[in-house]
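Taken in order, these protein sequences are the chains called X and B.
Each residue of the first sequence is one higher than the last, beginning at 648 in the working numbering.
Each residue of the second sequence is one higher than the last, beginning at 25 in the working numbering.
For glycine and all other residues, C-beta sits at the position ideal for the given N, C-alpha and C.
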Amino acid sequence: MVSDEITKMVVLADSSPILPSELALRAYELSTDAVVKETCFGLIVTGSEKAVNETIEELRKLDPSGIFVKDRGFPPGDSRRCRAVRGGGARPGFHQLEKESAILPSISYGLETIDDPVDAKERKTRDKLKIDRLIEIIEEQSKEDVNG
Amino acid sequence: MAKILIFPSNSLILSDLVARFGHEPLTLMRVIRRKITEVGIDSPPINVTPEDPKRGLKYAAVDVPSGVRGRMALLDPLIEEAEAAIIVHEADYSFGCMGCARTNELVKYIVRNKDIPRLELAYPTNDDEAREFVQKIRDFCESLTHKAEVPA
Numbered sequence: 648m649v650s651d652e653i654t655k656m657v658v659l660a661d662s663s664p665i666l667p668s669e670l671a672l673r674a675y676e677l678s679t680d681a682v683v684k685e686t687c688f689g690l691i692v693t694g695s696e697k698a699v700n701e702t703i704e705e706l707r708k709l710d711p712s713g714i715f716v717k718d719r720g721f722p723p724g725d726s727r728r729c730r731a732v733r734g735g736g737a738r739p740g741f742h743q744l745e746k747e748s749a750i751l752p753s754i755s756y757g758l759e760t761i762d763d764p765v766d767a768k769e770r771k772t773r774d775k776l777k778i779d780r781l782i783e784i785i786e787e788q789s790k791e792d793v794n795g
Numbered sequence: 025m026a027k028i029l030i031f032p033s034n035s036l037i038l039s040d041l042v043a044r045f046g047h048e049p050l051t052l053m054r055v056i057r058r059k060i061t062e063v064g065i066d067s068p069p070i071n072v073t074p075e076d077p078k079r080g081l082k083y084a085a086v087d088v089p090s091g092v093r094g095r096m097a098l099l100d101p102l103i104e105e106a107e108a109a110i111i112v113h114e115a116d117y118s119f120g121c122m123g124c125a126r127t128n129e130l131v132k133y134i135v136r137n138k139d140i141p142r143l144e145l146a147y148p149t150n151d152d153e154a155r156e157f158v159q160k161i162r163d164f165c166e167s168l169t170h171k172a173e174v175p176a
């Protein structure tokens, strides 16, 4: 007989405006039967399949293209994997996660712009506020304040 | 919904994208979960059942290193169930010992010889490649959905 408990990892892309703590708070608000563990990369959610899937479905709404989910074999804190018990060092699977996390912002960008490649080029240039433009805004604002 | 074998079989990106586009990713994590939670199976490393060596021997001869046969025993249920496959090349993290390397080669070889729809692509290195990567996976998943809808 196999346990009906499943575990899933929720991983945030670096480009996502959401923090793991916000994800955890949202998961607590949902009050499902799933157990949630906050980690540096996001969350580990464990519980019955129904509860875990419900929780993840709701969490995804916070940032559909910046939240990635995968199954995990071991439950959180399992002594065969938990580095607190194994004397430190990287958890097995950490390097794989680290490597894939590095390209998650690109995948997230790909998901956002998949249907509109023309718009994608414009987004790329307008996404970040240039420092020169920020200085201009500050100067304009301070002039207005002085004159006003 | 098709069962899609992903390779590397523990990939976060592939399992997420396949599930996102409406199919079931066949991942190694599910096999591992069964191995560690099934009542009656001992803890690693003594959780090898009599069935496991038989599964490994389906793919590799007895004189092939046990590391390859052991890995193939875990991957066997995924290969058996696969209705389609997505293989990603140049995954740095799948680098490992000769057991890993030969198993990776063997899995790709078996999947290529299996008569199932297959998509092979490389890991993206920038935004534009990532968009193309996502697009190809979405198109592949949609083609499987349409295929399933067409009556035989």
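The beta carbons of Ile28 of chain B and Ala108 of chain B sit about 5 Å from each other, so the pair counts as a contact at 8 Å.
At a beta-carbon threshold of 9 Å, none of the residues of chain B lie near Lys684 of chain X; the nearest stands roughly 16 Å away. Ranked by Cα distance from Glu129 of chain B, the first of B:Pro74, B:Ile56, B:Glu166 and B:Arg95 is B:Arg95. Using a Cβ distance threshold of 7 Å, Ala671 of chain X and Glu685 of chain X count as a contacting pair. Unbroken alpha helix (DSSP H) stretches of 4 residues or longer found wholly inside the stretch 56-103 of chain B: 75-81, given in chain order. Residue pairing from DSSP places Leu143 of chain B in a beta bridge opposite B:Ile110. At a cut-off of 7 Å between beta carbons, Arg707 of chain X makes no contact with chain B. Note that the stretch 723-739 of chain X does not touch the stretch 701-712 of chain X; fewer than 3 beta-carbon pairs, one per stretch, sit closer than 8 Å. By the Cβ-count criterion, Tyr133 of chain B is exposed, with fewer than 16 other Cβ atoms from all chains shown falling within 10 Å of its own Cβ. Spanning the alpha carbons of Leu690 of chain X and Phe119 of chain B requires a straight line of approximately 27 Å. Cβ atoms of Ile714 of chain X and Val657 of chain X come within 8 Å of each other, at about 6 Å. Contacts between Arg719 of chain X and chain B, judged by CB atoms closer than 9 Å, involve Met53, Ile56 and Arg57 in chain order.
Contact note: Leu36 of chain B reaches chain X through Val658, Phe715, Lys717, Leu744 and Glu747, using a C-beta cutoff of 7 Å and chain order.
Given a length threshold of 4 residues, each whole run of the alpha helix (DSSP H) inside the stretch 731-786 of chain X is given here in chain order: 741-760 and 764-773. Judged by DSSP secondary structure, Ile703 of chain X falls within the alpha helix (DSSP H) whose first and last residues are Glu696 to Arg707.
When Cβ pairs closer than 8 Å are counted between the two stretches, the stretch 42-51 of chain B is seen to touch the stretch 161-168 of chain B, the count reaching three or more. A direct Cα-Cα distance of roughly 5 Å separates His113 of chain B from Ala146 of chain B.
Ranked by Cα distance from Lys138 of chain B, the first of B:Ile110, B:Asp76, B:Val88 and B:Met25 is B:Ile110. Across the stretch 155-166 of chain B, CB contacts with chain X closer than 8 Å involve Arg155, Glu156, Phe157, Val158, Gln159 and Arg162, in sequence order along the chain.
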